[in-house]
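A.B. asks:
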Ligand SMILES: [Mg+2]
Ligand SMILES: [Mg+2]
Ligand SMILES: [Mg+2]
Ligand SMILES: [Mg+2]
């Protein structure tokens with residue numbers, strides 16, 4: 001059975017997911033497209049999905065009888081409404097992060113899905129599908145004993161002028177916030193942010209670097225360096241220290257050269273290259289679950305917890321050096337981990 | 001357009017390629033299956049391709065009107081006949097290695113394809129599609145100057161009793177024979193084999209390890225250690241030394257652990273894991289070309305040259321220590337490299 | 001000219017330094033020995049320095065006419081008195097850490113040396129002489145731009161029952177406290193200690209692991225994991241993040257093995273092996289300076305600042321999570337850095 | 001007891017050894033110097049050993065009553081006569097390589113030492129004292145089972161015009177020739193040399209790179225790449241493949257940097273830096289043995305075997321591609337390995 005997919009939002013990521021479904025992955029085809037700018041939707045139709053129908057309104061796409069499942073790739077502020085529409089229609093939907101722009105909005109989605117009674121929503125936290133993180137999780141689960149600490153870094157070569165301090169949480173740390181919960185099977189109970197000496201390469205409106213210190217319910221201490229003007233590359237580091245040993249996230253595979261008095265290997269500079277393969281895997285997971293009328297991978301609850309946790313981190317930025325508590329409501333049984 | 005594929009030979013690799021087309025890759029579906037054991041074909045039909053038709057004879061599958069392209073995964077001695085049938089039918093075909101069991105047979109295929117006038121055959125040398133070798137080729141082409149030497153190793157933990165000395169060439173070195181030609185854009189002019197002290201873990205009928213020394217038309221010297229009872233893992237190493245520097249084939253990505261007084265990372269032990277991703281990529285390449293009625297990737301000529309070169313290496317085994325010349329006829333224009 | 005050295009304290013380290021001077025290093029000989037247990041001194045005399053004279057009192061050794069310079073290797077609580085005696089006698093002295101057991105005691109030494117008017121004291125912070133840290137300092141000074149952060153770890157496989165929480169500062173972190181000041185050419189202005197989930201391998205009286213967060217006058221943020229029951233090895237890690245790039249302390253040289261499905265190299269388990277070479281280098285530096293009647297390397301001031309900074313870290317342990325300020329008096333001109 | 005040493009030949013290496021004895025190592029002092037250019041000897045006397053006596057003739061230095069042991073650092077063609085003089089005088093001597101310029105000359109030294117009845121000669125093959133090779137030997141002896149193959153490389157960035165093809169053996173490979181015998185506890189039985197495509201950076205009189213293939217009595221196969229215009233650095237590689245696994249010579253310790261889109265660490269470019277520490281260790285070994293009136297480390301026999309083996313490799317260069325046998329007389333009992 002081929003899953004018939006409607007894509008809402010045909011910007012960079014919506015176009016790329018359409019290409020993925022049409023040209024790379026088995027099991028699905030794009031039959032509907034929608035964008036607030038209909039020309040954009042029609043351009044994707046022309047280039048990648050000539051058989052797809054273009055809808056003016058996302059809600060109409062969700063409701064269409066030949067649409068089995070929905071991809072939400074529109075601007076963040078519209079995510080909540082389309083996810084709620086998909087849940088109302090009982091259709092599986094994949095929603096790019098953030099699930100909603102507020103924790104309250106995310107909670108409304110959780111409530112709707114719980115009311116529906118089975119999973120319909122997958123949130124686009126693609127790192128859980130990265131081969132490196134999967135290897136790391138396997139090592140954490142089987143090789144190093146109980147995790148005690150995580151040392152991590154999220155570095156970008158540079159950021160544009162519109163990147164301001166809170167975006168270090170909402171746009172950058174958000175990936176670590178989700179993936180560490182999954183990696184450790186744990187939740188956060190406090191956050192603290194400290195600001196080292198600012199890099200001379202950081203522009204006026206961003207404090208850079210930052211160090212975020214998180215504490216989990218099980219007592220794990222996490223330090224994450226966020227450094228978005230590090231110059232040298234896009235570099236994601238993660239080391240988990242357990243009772244019996246340590247495990248490191250592998251660096252991306254690279255040729256080792258001996259050249260010009262240097263033993264050297266390339267470091268990526270464009271974030272788009274780093275987790276490119278995991279987008280294929282997450283959508284493949286979505287297609288398989290959608291064919292059964294349900295959803296897999298990161299849940300609405302994960303999206304909600306990410307929102308709560310990010311809000312605390314932003315507060316911790318504002319209260320530089322102070323420890324900000326994080327508390328969560330009880331997790332609905334729908335989201336019990338396997 | 002979906003490419004309708006017929007699969008001849010539904011053993012381990014035929015079944016796996018069928019799964020790949022049905023469940024992983026966009027753009028193709030398996031519509032026909034054939035095996036000398038019809039039960040095997042029907043089992044794959046039941047598990048993976050319920051819509052496919054089962055043929056008793058491979059030739060009938062090739063001839064079927066709804067089969068656009070053919071995958072030849074049957075036993076090696078039957079490859080030649082099915083490839084010739086596909087060429088006669090003007091249908092793209094993917095043929096697992098070897099293209100034929102003799103150089104003469106491979107040359108008959110080359111001649112038939114040349115007579116046809118355009119490419120129809122892709123040979124299953126999957127290493128050319130491996131991400132690591134592709135990175136290495138890019139480095140060889142742009143970072144290290146003219147290649148002068150290659151130091152390589154092909155190691156297996158162990159081999160069964162039926163693995164005898166010439167299989168070190170036909171089953172093991174064959175991958176290096178193809179991939180180094182592609183990596184260096186070069187051909188072999190001589191081979192020499194020397195036999196180190198035999199490992200105590202090697203059984204009676206196999207000389208192990210062996211070192212194969214190849215010389216290319218451009219003067220590159222290649223040494224390949226073949227060690228099929230190395231115990232510690234399945235390990236493929238390749239270092240290219242050029243006028244300006246060196247490049248190494250990357251090891252597969254692995255978590256680095258610090259545990260039990262060892263900095264350590266896992267080495268694969270099963271060859272099936274090592275190039276698993278490249279099978280997807282080679283078939284994706286086949287599907288794209290087949291949709292246009294042609295073939296891409298390793299050619300019939302490559303299959304023929306691999307046969308000639310392997311024969312020389314086996315002769316060099318028999319004449320331990322002696323240098324055996326390798327000569328090729330002129331390459332037909334059809335196989336000019338881009 | 002051969003420097004004639006008297007050694008006070010002939011326990012493990014005093015015996016080893018005597019061996020070093022007698023059997024390894026040019027330029028000095030041990031002419032006098034003293035220990036609160038005269039038998040111990042006589043045993044070292046018999047084994048390593050038959051020509052040396054044994055003194056009952058360290059003060060008499062310091063005063064002896066044929067003693068040019070003094071090594072103080074006795075128990076920590078006696079360091080201050082012997083250093084002050086050496087300064088009073090105008091003789092160069094090498095003092096194992098700690099310089100004194102209190103910051104006040106260390107300040108008395110600083111005052112005495114300043115009153116003397118030239119350097120006479122070298123403190124035994126041997127890491128500054130380690131080849132790896134020296135390479136790192138060179139990289140920090142020339143390759144990575146202004147330092148912004150340091151991520152470090154100090155791990156021991158296990159500690160005995162008598163190792164209690166404050167010893168994580170006084171006996172373990174003390175090395176980082178000194179070497180980071182030297183590495184960064186900077187001083188601390190605050191300390192914070194957080195306690196992750198305790199390792200099941202840690203005994204009752206030690207909170208383990210701990211994370212110490214230090215802030216420097218220049219704004220560098222340092223995080224040091226102290227984990228003295230890490231099981232897997234004695235492991236010292238240090239990464240400096242600068243405006244232009246990162247530099248890592250090299251791991252000790254080790255053979256890389258491929259064995260038993262693991263790419264592996266050994267990690268040391270005994271701290272005594274880790275900086276063994278640096279003891280030779282620090283004493284060589286002492287001998288060269290002592291031949292000129294002065295001292296080189298880590299100063300009394302460094303010993304004093306280490307004491308002040310450690311005290312703050314112990315207070316930060318006691319005030320778990322709180323930030324404790326660190327302030328220093330002005331540095332006497334005698335200790336201006338080159 | 002201090003060993004009183006006479007140094008014959010005060011060029012670069014003789015001066016450096018004099019510095020080592022005077023300023024670095026315990027247990028010895030330079031009391032005599034000689035050079036065919038007496039001004040050179042007097043300059044070293046003035047700079048490093050004011051108490052030493054300068055002799056016009058090396059033989060007189062050897063004979064001097066206050067000289068306990070001799071260092072022979074003069075030009076290679078004079079080594080044999082001075083070593084024979086030292087043996088005649090019954091004095092330990094350290095001789096820089098080569099022991100003699102012909103195998104016959106080396107054999108005369110062996111015969112003289114055997115006639116003397118105990119060891120007096122240490123040959124300056126310093127790699128046996130390198131920490132990396134020592135680690136590798138330990139791994140070879142205990143971790144990888146019986147050695148079967150060695151893959152090695154000896155690379156220099158460039159060589160001067162006077163470096164001609166045979167020097168690749170006598171000046172470059174000579175170190176591998178000795179150190180592999182020690183590493184494997186084995187001897188060579190044949191040599192073959194093949195010439196890859198020549199590097200465009202090699203001048204007219206040197207074939208570069210070369211690959212030397214050696215076979216040992218135990219059946220180990222060794223391939224050594226010699227590449228003296230490799231451009232990128234001075235790089236010594238050695239991998240030993242055994243029945244149970246592999247071991248690699250460690251690269252020199254270096255800081256790992258992340259900078260300019262490269263994970264990188266420095267490679268040495270000057271050969272003088274690579275084994276600098278091993279010179280200290282070999283002379284320390286000489287001093288300790290000389291204090292007992294004997295010699296340790298590489299023997300006269302090792303020097304003789306190196307000469308025989310090099311001669312065969314040069315013949316193998318001249319007979320490009322042909323296998324040249326190597327045979328040795330029986331080893332005198334004086335040189336039985338511990
Ligand atoms: Mg699809
Ligand atoms: Mg398909
Ligand atoms: Mg000494
Ligand atoms: Mg000396």
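Chains as they are written, first to last, in full-length UniProt numbering: chain A, 1 to 338; chain B, 1 to 338; chain C, 1 to 338; chain D, 1 to 338.
The beta carbon of each residue, even a glycine, is placed where N, CA and C say it ideally should be.
This one's a predicted model, so the numbers in the text were calculated from it and none came from an experiment.
Since residue 291 (chain C) and residue 3 (chain C) should fall inside the 8 Å C-beta cutoff, what is the C-beta to C-beta distance between them, to a whole number of angstroms?
C.D. replies: Counted from its first residue, the third chain places residue 291 (chain C) at position 291. Counted from its first residue, the third chain places residue 3 (chain C) at position 3. About 5 Å; that satisfies the 8 Å criterion.
A.B. asks: Name the DSSP beta bridge partners of residue 136 (chain A), please?
C.D. replies: Residue 136 (chain A) sits at position 136 when you count from the first residue of the first chain. Paired residue(s): none; residue 136 (chain A) is not in a bridge.
A.B. asks: Give the secondary structure of residue 288 (chain C) by DSSP, where H, G and I count as helix, E and B as strand, and everything else as coil.
C.D. replies: Translated into the one-based positions of the third chain, residue 288 (chain C) becomes position 288. Helix, per DSSP.
A.B. asks: Write down the C-beta distance between residue 143 (chain B) and residue 258 (chain A) rounded to the nearest angstrom, noting that I regard them as a contact closer than 8 Å.
C.D. replies: Within the second chain, the letter at position 143 stands for residue 143 (chain B). Within the first chain, the letter at position 258 stands for residue 258 (chain A). The pair is not a contact, with the Cβ atoms about 10 Å apart (cut-off 8 Å).
A.B. asks: So, at 7 Å on beta carbons, what are the nonlocal neighbours of residue 209 (chain C) in its own chain, with the 5 sequence-adjacent residues on each side left out?
C.D. replies: By 1-based counting over the third chain, the position of residue 209 (chain C) is 209. Beyond the five residues adjoining it in sequence on each side, residue 209 (chain C) comes within less than 7 Å, by CB distance, of 196, 199, 225, 226 and 227 in the same chain, given in chain order.
A.B. asks: Quick one: list the residues of chain D neighbouring residue 269 (chain A), beta-carbon separation under 8 Å, in chain order.
C.D. replies: Start at 1 with the first residue of the first chain, and residue 269 (chain A) comes out as number 269. The contacting residues are 261.
A.B. asks: Helix, strand or coil: how does DSSP classify residue 201 (chain A) here?
C.D. replies: Position 201 of the first chain, counting from 1, holds the residue named residue 201 (chain A). Residue state, collapsed to three classes: coil.
A.B. asks: Relative to the alpha-carbon of residue 211 (chain D), which residue among B:112, B:151, B:256 and B:207 has its alpha-carbon at the smallest distance?
C.D. replies: Working through the fourth chain from its first residue, we reach residue 211 (chain D) at position 211. When only C-alpha atoms are compared, the closest one is B:151.
A.B. asks: By Cβ distance below 6 Å, which residues in the same chain neighbour residue 106 (chain B) in space, the five residues on each side in sequence not counted?
C.D. replies: As a working note, residue 106 (chain B) is residue 106 in the second chain. Excluding residues within five positions, the ones whose Cβ falls inside 6 Å are 99, 100, 303, 304 and 307.
A.B. asks: Please state whether DSSP places residue 190 (chain D) in a helix, a strand or coil.
C.D. replies: Here residue 190 (chain D) corresponds to residue number 190 of the fourth chain, with the count starting at 1. Per DSSP, reduced to three states, the secondary structure at residue 190 (chain D) is strand.
A.B. asks: Going by DSSP, what residues sit across from residue 149 (chain C) in a beta bridge?
C.D. replies: If you number the third chain from 1, residue 149 (chain C) lands on position 149. Its beta-bridge partners are C:221 and C:241.
A.B. asks: Run through chain D and tell me which residues come within less than 9 Å of residue 250 (chain C), C-beta to C-beta.
C.D. replies: Within the third chain, numbered from 1, the residue matching residue 250 (chain C) stands at position 250. Correct list: 253, 254, 255, 256 and 265.
A.B. asks: Check the DSSP bridge columns for residue 87 (chain B) and list the partner residues they point to.
C.D. replies: Numbered from its first residue, the second chain carries residue 87 (chain B) at position 87. DSSP output for residue 87 (chain B) lists no bridge partner at all.
A.B. asks: So, are the CB atoms of residue 334 (chain C) and residue 114 (chain C) less than 7 Å apart?
C.D. replies: Counting from one through the third chain, the residue named residue 334 (chain C) turns up at place 334. Counting from one through the third chain, the residue named residue 114 (chain C) turns up at place 114. Going by beta carbons, residue 334 (chain C) and residue 114 (chain C) fall inside the 7 Å limit.
A.B. asks: If the cut-off is 9 Å on Cβ atoms, which residues from the stretch 157 to 172 of chain D count as contacting chain A, listed in chain order?
C.D. replies: 157
A.B. asks: Within the 7 Å Cβ cut-off, does residue 233 (chain A) reach chain D?
C.D. replies: Taking the first residue of the first chain as position 1, residue 233 (chain A) is located at position 233. Yes, because at least one Cβ of chain D sits closer than 7 Å to the Cβ of residue 233 (chain A).
A.B. asks: Taking any Cβ of chain C, which residues in the stretch 13 to 44 of chain D have a Cβ under 8 Å from it, in chain order?
C.D. replies: Against chain C - using a Cβ distance shorter than 8 Å - the residues of the stretch 13 to 44 of chain D are 21, 22, 23, 24, 25, 26 and 27.
A.B. asks: Tell me, to the nearest whole angstrom, how far the beta carbon of residue 155 (chain A) is from that of residue 234 (chain A); I am working on the premise that it is less than 8 Å.
C.D. replies: Position 155 of the first chain, counting from 1, holds the residue named residue 155 (chain A). Position 234 of the first chain, counting from 1, holds the residue named residue 234 (chain A). Rounded, the Cβ-Cβ distance is 7 Å, consistent with contact.
A.B. asks: Do you know offhand how far residue 91 (chain B)'s Cα is from residue 278 (chain B)'s?
C.D. replies: Numbered from its first residue, the second chain carries residue 91 (chain B) at position 91. Numbered from its first residue, the second chain carries residue 278 (chain B) at position 278. Approximately 23 Å, taken between the alpha carbons.
A.B. asks: What does the alpha-carbon distance come out to for the pair residue 58 (chain D) and residue 8 (chain D)?
C.D. replies: Position 58 of the fourth chain, counted from the start, is the residue given in the question as residue 58 (chain D). Position 8 of the fourth chain, counted from the start, is the residue given in the question as residue 8 (chain D). Each residue's alpha carbon lies about 6 Å from the other.
A.B. asks: Between which two residues does the beta strand (DSSP E) holding residue 216 (chain A) run?
C.D. replies: Here the question's residue 216 (chain A) lines up with position 216 in the first chain. Its beta strand (DSSP E) spans residues 210 to 216.
A.B. asks: Does the CB of residue 328 (chain C) have a neighbour CB from chain D at under 7 Å?
C.D. replies: Walking along the third chain from the start, residue 328 (chain C) turns up at place 328. Cβ-Cβ to chain D under 7 Å: no for residue 328 (chain C).
A.B. asks: Name the residue from B:19, B:33 and B:46 whose alpha carbon lies nearest to the alpha carbon of residue 27 (chain A).
C.D. replies: Sequence index remark: in the first chain, residue 27 (chain A) carries index 27 (1-based). That would be B:19, whose Cα lies nearest to the Cα of residue 27 (chain A).
A.B. asks: Any residues in the stretch 63 to 78 of chain D with a beta carbon nearer than 7 Å to a beta carbon of chain F? Which ones, in chain order?
C.D. replies: Given the protein chain composition of this structure (A, B, C and D), no chain F is represented.
A.B. asks: Inspect the CB distances between the stretch 212 to 224 of chain B and the stretch 175 to 195 of chain B and report whether three or more fall short of 8 Å.
C.D. replies: yes
A.B. asks: For residue 180 (chain A), report the span of its alpha helix (DSSP H) as first-last.
C.D. replies: Here residue 180 (chain A) is taken as the residue at index 180 of the first chain, counted from 1. Residues 174 to 184.
A.B. asks: Starting from residue 29 (chain D), trace the alpha helix (DSSP H) both ways and give me its first and last residue.
C.D. replies: Taking the fourth chain and counting its residues from 1, one reaches residue 29 (chain D) at position 29. Taken as a continuous stretch (DSSP letters only), residue 29 (chain D) belongs to no alpha helix (DSSP H), being part of the beta strand (DSSP E) at 28 to 34.
A.B. asks: Which residue marks the beginning of the beta strand (DSSP E) containing residue 300 (chain B), and which one marks its end?
C.D. replies: By one-based count along the second chain, residue 300 (chain B) stands at place 300. No beta strand (DSSP E) holds residue 300 (chain B); the alpha helix (DSSP H) holding it covers 300 to 318.
A.B. asks: For a test of your reading of the model: does the CB of residue 141 (chain C) fall under 6 Å from any non-hydrogen atom of ligand 6? Yes or no.
C.D. replies: Ligand 6 is absent from the structure shown, which contains only ligand 1, ligand 2, ligand 3 and ligand 4.
A.B. asks: Can you tell me where the beta strand (DSSP E) holding residue 256 (chain A) begins and where it ends?
C.D. replies: Looking up residue 256 (chain A) in the first chain gives position 256. 256 to 259 is the span of the beta strand (DSSP E), which, as asked, contains residue 256 (chain A).
A.B. asks: Going by the CB atoms, is the gap between residue 79 (chain B) and residue 95 (chain B) shorter than 7 Å?
C.D. replies: Position 95 of the second chain, counted from the start, is the residue given in the question as residue 95 (chain B). Position 79 of the second chain, counted from the start, is the residue given in the question as residue 79 (chain B). Cβ distance < 7 Å, so residue 95 (chain B) and residue 79 (chain B) count as in contact.
A.B. asks: My output table needs one value for residue 277 (chain D): the three-state DSSP class, helix, strand or coil.
C.D. replies: Walking along the fourth chain from the start, residue 277 (chain D) turns up at place 277. In this structure, residue 277 (chain D) counts as helix in the three-state DSSP scheme.
A.B. asks: Taking only beta-carbon positions, decide if residue 194 (chain B) is within less than 7 Å of chain D.
C.D. replies: Taking the first residue of the second chain as 1, we reach residue 194 (chain B) at position 194. Judged by the 7 Å Cβ criterion, residue 194 (chain B) is in contact with chain D.
A.B. asks: Which whole-angstrom value describes the C-beta separation of residue 121 (chain D) and residue 83 (chain D), a residue pair presumed to lie in contact below a C-beta threshold of 8 Å?
C.D. replies: Translated into the one-based positions of the fourth chain, residue 121 (chain D) becomes position 121. Translated into the one-based positions of the fourth chain, residue 83 (chain D) becomes position 83. At roughly 6 Å, the Cβ-Cβ gap stays under 8 Å, so residue 121 (chain D) and residue 83 (chain D) are in contact.
A.B. asks: If we call anything under 7 Å between Cβ atoms a contact, is residue 41 (chain D) one with residue 33 (chain D)?
C.D. replies: Translated into the one-based positions of the fourth chain, residue 41 (chain D) becomes position 41. Translated into the one-based positions of the fourth chain, residue 33 (chain D) becomes position 33. Cβ atoms of residue 41 (chain D) and residue 33 (chain D): closer than 7 Å.
A.B. asks: Which residue marks the beginning of the beta strand (DSSP E) containing residue 70 (chain C), and which one marks its end?
C.D. replies: Counted from its first residue, the third chain places residue 70 (chain C) at position 70. Taken as a continuous stretch (DSSP letters only), the beta strand (DSSP E) holding residue 70 (chain C) covers 69 to 72.
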